[in-house]
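Convert by adding 1 to the 1-based position in the sequence shown; the result is the number in my numbering.
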Amino acid sequence: MDSWVADRKLAGGLVSFAMLSVCLLSPNAASAHAALPSAASFTPVGEPTSTPYGWADFCRRYQGECEGAPLEPVDIVAASKTSKEIERVNKWVNDHVTPVTDMEHWGVVDQWDYPTDGKGDCEDFALMKRKILLEEGFPRQALLMTVVKDSGNEGHAVLTIKMSDGDFVLDNLSGEMKPWDKTGYRFVKRQSQSDQNVWVQLGDPTPAPDYVSR
2 MDSWVADRKL
12 AGGLVSFAML
22 SVCLLSPNAA
32 SAHAALPSAA
42 SFTPVGEPTS
52 TPYGWADFCR
62 RYQGECEGAP
72 LEPVDIVAAS
82 KTSKEIERVN
92 KWVNDHVTPV
102 TDMEHWGVVD
112 QWDYPTDGKG
122 DCEDFALMKR
132 KILLEEGFPR
142 QALLMTVVKD
152 SGNEGHAVLT
162 IKMSDGDFVL
172 DNLSGEMKPW
182 DKTGYRFVKR
192 QSQSDQNVWV
202 QLGDPTPAPD
212 YVSR
């Protein structure tokens, strides 16, 4: 996948890729991220659970992206500069990827992929943000693909950012990097911090959506 990355200078605020500049309505502009909570808030983590079909299929097609031995869990040390860098990535992806459903894009109900053609839905946004942040040197253990349910009980995918002062969420439906408990979502499952191919329950057990599409 390195071929679709031509150049990037996040420190200077410039991000450019060898691709066109996703789940249904992208925000037109990102605001400064929500105020940090007065006390660190971390998502309750439960037992290992089933791996989403979309992730398993993604790993079948992109084996190199899913390889790697388990690692010790680590959080990103909270700092204003760090938050701004993460927000810059969130804004760039939200601004440069056009939202389309998997059925419109691929002719299937659920397919996780990088939006290399400039189109995708919620999990594609999250995968792209994760990839950029990994390439910027952020630890894999702190960038977790996450499945949630929205207020309409529909499946949705976001990227959880594990920071020393709490869990935050990058979402294609919001320009803010929000604390997980301020999103209004019901958290279902996410990648384990130690092993990206192991998924864990979040909060009280709840039926997982068959697919994520918003």
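The beta-carbon is built from N, C-alpha and C at its ideal position, and this holds for glycine as well.
DSSP lists T99 as the beta-bridge partner residues of K120.
By a beta-carbon distance limit of 8 Å, D96 does not contact W113. Their separation comes to about 21 Å. The C-beta separation of L160 from L144 comes to about 6 Å, placing the pair in contact by the 8 Å criterion. Contact between V78 and S165 holds: CB atoms are separated by about 5 Å, below the 8 Å threshold. Counting along the chain, A57 sits inside no beta strand (DSSP E); it lies in the alpha helix (DSSP H) bounded by residues 54-62. When secondary structure is reduced to three states using DSSP, G138 falls in the coil class, being assigned neither helix nor strand. By the neighbour-count criterion, in which a residue is buried when 16 or more other Cβ atoms sit within 10 angstroms of its Cβ, S152 is exposed.
Counting along the chain, M146 sits inside the beta strand (DSSP E) bounded by residues 144-150.
Taking a cut-off of 8 Å on C-beta distances, the segment 107-123 does not touch the segment 83-92, as fewer than three cross pairs fall below it.
Of I162, T184, T99, the smallest CA-CA separation from Q194 is found for I162. In the three-state reduction of the DSSP assignment, L72 falls in the coil class.
Judged by pairs of C-beta atoms under 8 Å, the segment 133-144 does not touch the segment 46-64, as fewer than three such pairs exist.
Annotated three-state conformation of L128 is helix, per DSSP. Counting the other CB atoms within 10 Å of its CB gives N154 a total below 16, which places it among the exposed residues.
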